[in-house]
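To keep things clear, I will list the structure first and then write my remarks on it.
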Amino acid sequence: MKYVREKSTGEYEEKKSRFFAELFPISSETEAEERLASVRKRYYDARHHCYAYVLGRNCETQKQSDDGEPSQTAGLPILGVLKGEELRDALLVVTRYFGGTLLGTGGLVRAYTAAAKEAVRNAVLMEAVCGYRGTAEFDYTLLGRLRYLTERLSIREESTDYTDKVRVSWLIPEEALPSFEKQLEELGHGGISLEIERTQWYTL
């Protein structure tokens, strides 16, 4: 599962028809419609603005449109790219300028898919993982070794408080938790207690 960090673009040309793809991060259907409206305004003279978007961790909300192209030749392939790349909370719009030659249904599917994939290829993506927020308190002398350990296990340090001891909160990938708990116990000789607050999804 991945999220788009910022807008990206892609282009594709087939028999003088030009396809301009734009991939956006979105947080709601309203934002998707606003982004789509801005694309239509920018490419006001284009014949088609086909799109698809997905919202929610399990794609609870999804929508696609062929915008005048033959049925299932544009919106559905674009949606297929989003889901195939495991993107979430994303809008992908492909604008077409007609080049004078009909592409046929197969040609349209290939062209819209290629343009959409180009925008994804150019995107900066953030991978989402299932994990835990864990907190522990320990002596300053252990901080360096703990940071080495967490780096090896791809555990992200979320916050650090310095008082008479160090209190650190981490975001711990699900698969790293058993190993981290074991090594934490060995490192602190059983004197470090790891508090697991809750399971959550977060981006790397």
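Residue numbers (the numbering used here): 447 to 650.
Every residue gets a Cβ at the ideal spot worked out from N, C-alpha and C, and that includes glycine.
The model shown is predicted, which means the values in this text are computed figures rather than measured ones.
The Cβ atoms of C496 and A478 do not sit closer than 8 angstroms to each other. The continuous stretches of alpha helix (DSSP H) do not include A536, which lies in the beta strand (DSSP E) extending over residues A536 to Y543. Assignment of E515 by DSSP, reduced to helix, strand and coil, places it in the coil class. Distances from the CA of T596 to each of G580, K611 and D585 were compared; the closest alpha carbon is that of G580. For Y458, the number of other beta carbons within 10 angstroms of its own is at least 16, and it is reported as buried. Burial state of A498 is buried, judged by a 10 Å Cβ sphere holding 16 or more other Cβ atoms.
A distance of 8 angstroms or more separates the beta carbons of R451 and V500. Per DSSP, the unbroken alpha helix (DSSP H) holding G550 starts and ends at G550 to R567.
The straight-line gap separating the alpha-carbon atoms of L525 and Q510 is approximately 6 angstroms. Counting the other Cβ atoms within 10 Å of the Cβ of G577 gives 16 or more, which makes it buried.
The three-state secondary structure of K448, taken from DSSP, is strand. When DSSP reads this structure, S605 sits in a beta bridge with S615. When DSSP states are grouped into helix, strand and coil, A492 belongs to the coil group. Using a Cβ distance threshold of 8 angstroms, L589 and F626 do not count as a contacting pair.
Rounded to whole angstroms, the gap between the alpha carbons of G545 and K461 is 7 angstroms.
Take the alpha-carbon of K529 and the one of Y449: they are about 12 angstroms apart.
In this model, V527 and T559 are separated by some 7 angstroms (Cα to Cα). Looking only at F465, S463 and L469, the smallest Cα-Cα distance to K453 is reached by L469. Y543 places its beta carbon less than 8 angstroms from that of S463.
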